[in-house]
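Please read the structure below before turning to the comments.
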Amino acid sequence: MEYYGYVGKIARINLTEEKISFESLDLNMASKFIGASGFAIRFLIDEIDPAIDPFSPENKLIIMTGALTGTIVPGANKFAVAAKSPLTMGYGEAHAGGFWGVELKRAGYDGLIIEGRAEKPVYIYIKDNLIEIRNAVNLWGKSTSKTDKIIKDIHKDRGVRVFSIGIGGENLVRYACIVTEERIAGRTGMGAVMGSKNLKAIAVRGSGRIGIKNYDRVRMLVKRLYPAIMSYPPSQIRALYGTNGEMPIFYEYGDVPIKNFSLGKWDGIKKISGKAIVEKMLKRHRACFNCPVHCWKEVEVEIEGMGKIVTKSPEYETATSLGSNLLIDNPEAIVYMSYLCNEYGIDTISTGVTIAWAMEAFEKGALTEEDTGGIELRWGDYNTAIKLIEMIAYRKGFGNILAEGCRLASKLIDKGSEEYAMHVKGVEVPMHDPRAFKGLGLQYATSNRGADHLYGFFVRIEQGERMPDLKIYERVDRFKDEGKGWMVAVREDWDEIVDSMGLCKFVLIYPGHVAGFYSLVTGISKTVRDLLKDGERIFNLKRLFNIACGIGRKDDVLPKRFLKEAFSEGGAKGQVVNLDKMLREYYEYRDWDEDGKPSRRKIEELGIFDILSQRYRKLYL
Numbered sequence: 024m025e026y027y028g029y030v031g032k033i034a035r036i037n038l039t040e041e042k043i044s045f046e047s048l049d050l051n052m053a054s055k056f057i058g059a060s061g062f063a064i065r066f067l068i069d070e071i072d073p074a075i076d077p078f079s080p081e082n083k084l085i086i087m088t089g090a091l092t093g094t095i096v097p098g099a100n101k102f103a104v105a106a107k108s109p110l111t112m113g114y115g116e117a118h119a120g121g122f123w124g125v126e127l128k129r130a131g132y133d134g135l136i137i138e139g140r141a142e143k144p145v146y147i148y149i150k151d152n153l154i155e156i157r158n159a160v161n162l163w164g165k166s167t168s169k170t171d172k173i174i175k176d177i178h179k180d181r182g183v184r185v186f187s188i189g190i191g192g193e194n195l196v197r198y199a200c201i202v203t204e205e206r207i208a209g210r211t212g213m214g215a216v217m218g219s220k221n222l223k224a225i226a227v228r229g230s231g232r233i234g235i236k237n238y239d240r241v242r243m244l245v246k247r248l249y250p251a252i253m254s255y256p257p258s259q260i261r262a263l264y265g266t267n268g269e270m271p272i273f274y275e276y277g278d279v280p281i282k283n284f285s286l287g288k289w290d291g292i293k294k295i296s297g298k299a300i301v302e303k304m305l306k307r308h309r310a311c312f313n314c315p316v317h318c319w320k321e322v323e324v325e326i327e328g329m330g331k332i333v334t335k336s337p338e339y340e341t342a343t344s345l346g347s348n349l350l351i352d353n354p355e356a357i358v359y360m361s362y363l364c365n366e367y368g369i370d371t372i373s374t375g376v377t378i379a380w381a382m383e384a385f386e387k388g389a390l391t392e393e394d395t396g397g398i399e400l401r402w403g404d405y406n407t408a409i410k411l412i413e414m415i416a417y418r419k420g421f422g423n424i425l426a427e428g429c430r431l432a433s434k435l436i437d438k439g440s441e442e443y444a445m446h447v448k449g450v451e452v453p454m455h456d457p458r459a460f461k462g463l464g465l466q467y468a469t470s471n472r473g474a475d476h477l478y479g480f481f482v483r484i485e486q487g488e489r490m491p492d493l494k495i496y497e498r499v500d501r502f503k504d505e506g507k508g509w510m511v512a513v514r515e516d517w518d519e520i521v522d523s524m525g526l527c528k529f530v531l532i533y534p535g536h537v538a539g540f541y542s543l544v545t546g547i548s549k550t551v552r553d554l555l556k557d558g559e560r561i562f563n564l565k566r567l568f569n570i571a572c573g574i575g576r577k578d579d580v581l582p583k584r585f586l587k588e589a590f591s592e593g594g595a596k597g598q599v600v601n602l603d604k605m606l607r608e609y610y611e612y613r614d615w616d617e618d619g620k621p622s623r624r625k626i627e628e629l630g631i632f633d634i635l636s637q638r639y640r641k642l643y644l
């Protein structure tokens, strides 16, 4: 069988038995679940008992490329990593760009399914048809960048692409991430799942090609779209200053979290914006595979006791979580903290929000020096924040509590500290305040992987963007509660498609063109309407996995701060989120019951019921 877009093979690697097998990709399944994110949940719901411990060998690490990953479509470089999450105890998923996913596809694999647990640390080496499970005892304890270098040296090949965990993943920090050349699969603790399997890294080298059914027409469409991509204002800002270039814009909306989401204004913003950091430290502009935007900024900074380090400039989420949210306005310190998190392999958003929880709990008296091991926690103290990052990665002292994430940490400490834990479903809230964008609050509450700004990124709609392909024709008032339920649902469904295609959300391609690219690349004809139905199928399947894990309506909530506490100043002054009103609209549009479970009618309409095992079907008996 000839494949286009897809390469037609899944590798299954059992670390317990040291056994490797291969499966052909089912094109009928592929046409319904598209790729990456969609494939991940399709395998996960078939193969994982929702009752398992995320750190047990029975959990599986499912790594899938997108339908368009590695093709000439702009920004088609992403892949998805999924498992049961140790942070949410439900569906977990993270994405990364760069070059690793492209290399995996060139090696001849649409995805990998990692099973079991190795007896000792190992890494997986893939070179086209060759897959080896290799000893990684000497890599254990190494940073992500050192692991990358050592593996390249072992194979005498600078072109090998390495995807690895750091010390955080080895020590099962619940929000550990996986790193490939400073591109991060960051959220929901996929690095901890990888660490629980004694899997240090996956190194890939591929020499194959990815077929495109209608190459000339795809090339023409790419050429036509490039000017539109680069004339989009956020793309222009990112090209100059990276994702953090938008910080001053978000600040004017009252969107930038300050002091654990408790303040509406702060003078330090101008010191830590992308413009400020790039103008002071830029070494060069970089890009992921086939990306015209070049939002990846490499910076050079002098660190006391270390000399100069060259590293990735902090993304917006990182500069905010480790900066304004901790009242730290020292850009060099923020760059260094970002560097440490990436070297240790821990998610910068969860790290910053968990430290902010600790600082507020200390300020309010819920935490004392007796709890922290003698450490005084003060806002703006970057030296202490740096120390805490190391303690988290190594699970040393108070860092062992912080390594659990703010939800579990606040339950361990108790004393009213849960009030300061900013999370949804256990995942720390990203760096956009839903009091500034009400629909974003609904998106946070309903996301299948916990608080998530990228599944729908409704901020753009509430900034005034229209999406006629999705029937969003008019400007949307960011402070209104009414009428947003269906729009958030549609945006969520569409972003399932973007992720399943392997497209970067920082490269603007409108839905009609995405449908065109998929049809032309794969030879499988799809309209926007078809793809929205596929996205709805993927979203609801993830919801069913969460329902089976005990996650439902009671978890579709926001931290009380967003619902009850209004700012006295700033761009979102006086605003709180009326979540219940939006949630009712949303459930009605989704055809979910009052407990947040998709109706039998809905899952039959989506063709889901027939593929469910008995453990999921019993939800409807």
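Numbering (our numbering), first residue to last: 24 to 644.
C-beta atoms are modelled at their ideal positions from N, C-alpha and C, and glycine is treated no differently.
Keep in mind the model is a prediction, meaning the values are calculated, not measured.
Cut-off 7 Å between Cβ atoms - residues of its own chain near residue i, not counting five sequence neighbours on either side
i: ASP579; result: ALA468, THR469, LEU606 and GLY619
i: ILE561; result: PHE56, SER60, GLY61, ILE64, GLU519 and SER523
i: HIS308; result: HIS317 and LYS320
i: ILE292; result: MET270, PRO271, TYR274, VAL279 and SER347
i: ALA208; result: VAL104, ALA117, HIS118, ALA119, CYS200 and ILE201
i: GLU559; result: ASP516 and LEU629
i: GLY439; result: ALA389
Close-in-space but distant-in-sequence residues of the same chain around residue i (CB under 6 Å, 5 per side omitted)
i: ASN194; result: ARG418
i: TYR146; result: ARG157, ALA159, LYS223 and ALA224
i: ILE190; result: TYR367 and ALA416
i: VAL96; result: PHE540
i: ARG501; result: PHE460 and GLU485
Start and end residues, beta strand (DSSP E) containing residue i
i: PHE562; result: It is not in any beta strand (DSSP E) - PHE562 instead sits in the alpha helix (DSSP H) that spans 551-571.
i: PHE273; result: Run containing PHE273: none in the beta strand (DSSP E); it sits in the alpha helix (DSSP H), 270-275.
i: SER54; result: Careful: SER54 lies outside any beta strand (DSSP E), inside the alpha helix (DSSP H) at 50-56.
i: ARG35; result: 32-37
i: THR488; result: Reading the sequence as shown, one finds Glu at residue 488 and not Thr. Unbroken run through GLU488: none, as it is neither H nor E.
i: SER44; result: 42-47
When the options are compared against residue i, the one with the closest alpha-carbon
i: PRO457; options: LEU581, ILE495 and VAL241; result: LEU581
i: GLY516; options: GLN466, GLY191 and GLU413; result: Note that residue 516 corresponds to Asp in the displayed sequence, not to Gly. For the residues GLN466, GLY191 and GLU413, the minimum Cα distance to ASP516 belongs to GLN466.
i: ASP239; options: VAL450, ILE415 and VAL544; result: VAL544
i: LYS107; options: LEU91, ILE136, VAL216 and GLY164; result: VAL216
i: ALA90; options: ALA103, GLU81, LYS83 and LYS169; result: ALA103
i: THR170; options: THR203, GLY535 and LYS298; result: THR203
i: GLY139; options: LYS42, THR211 and VAL245; result: LYS42
i: TRP402; options: ILE351, LEU363 and VAL447; result: ILE351
i: ILE201; options: GLY120, ASP475 and TYR609; result: GLY120
i: GLU497; options: ARG489, LEU400 and PRO73; result: ARG489
i: SER296; options: ASP504, PHE312, GLU340 and THR550; result: GLU340
i: ILE626; options: ASN563, LYS583, LEU642 and LYS587; result: ASN563
i: THR395; options: ILE424, ILE372 and ASP370; result: ILE424
i: GLY98; options: ARG181, ALA310 and ASN152; result: ALA310
i: GLU383; options: ASN365, ASP404, ILE369 and THR371; result: ASP404
i: LYS335; options: GLU399, PHE502, GLU327 and SER361; result: SER361
i: ASP133; options: ALA34, PHE585, LEU635 and LYS434; result: ALA34
i: LYS503; options: ARG514, LYS494, GLY487 and VAL513; result: GLY487
i: CYS314; options: ALA381, MET243 and LYS101; result: LYS101
i: LEU463; options: ARG514, CYS429 and SER433; result: ARG514
i: ARG228; options: LEU286, LEU153, LYS282 and TYR359; result: LEU153
Extent of the continuous alpha helix (DSSP H) run through residue i
i: THR545; result: 534-545
i: ILE252; result: 238-254
i: PHE385; result: 371-386
i: GLU392; result: 392-395
i: GLN466; result: 461-469
i: THR407; result: 405-417
i: TRP402; result: Looking at the DSSP string, TRP402 is not in any alpha helix (DSSP H), and its letter there is neither H nor E.
Residue i - partner residues in DSSP beta bridges
i: LEU153; result: LYS150
i: PRO621; result: TRP615
i: PHE284; result: None; PHE284 has no bridge partner.
i: ARG228; result: LYS150
i: VAL450; result: VAL447
i: LYS596; result: PHE590
Distance cut-off 7 Å: residue i Cβ against heavy atoms of the ligand SAH
i: GLN598; result: Within the structure as shown, the ligand SAH is missing, as the structure has no ligands at all.
Neighbourhood of residue i by C-beta distance below 8 Å, restricted to the same chain and skipping five residues each side
i: LYS298; result: LEU263, TYR264, GLY268 and PRO271
i: LYS236; result: TYR27, GLY28, LEU543, VAL544, THR545 and GLY546
Neighbour flag for residue i against chain C, beta carbons, 8 Å
i: SER433; result: Considering every chain present, this structure includes no chain C. It has just one protein chain.
For this session: Scan the segment 173-224 and note each continuous alpha helix (DSSP H) run of 4 residues or more that stays entirely inside, going in chain order.
Result: If we require 4 residues or more, the alpha helix (DSSP H) runs fully inside the segment 173-224 come out as 190-193 and 213-219.
Exercise. Counting only runs that start and end within the segment 304-359, where is the beta strand (DSSP E) found for 3 or more residues in a row?
Worked result: Those beta strand (DSSP E) runs which fall completely within the segment 304-359 and span 3+ residues are 305-309, 319-326 and 330-335.
Exercise. Which parts of the segment 58-143 are runs of the alpha helix (DSSP H), unbroken and 4 residues or longer, counting only runs that do not cross its ends?
Worked result: As far as the segment 58-143 is concerned, its whole alpha helix (DSSP H) runs of at least 4 residues are 59-70 and 123-129.
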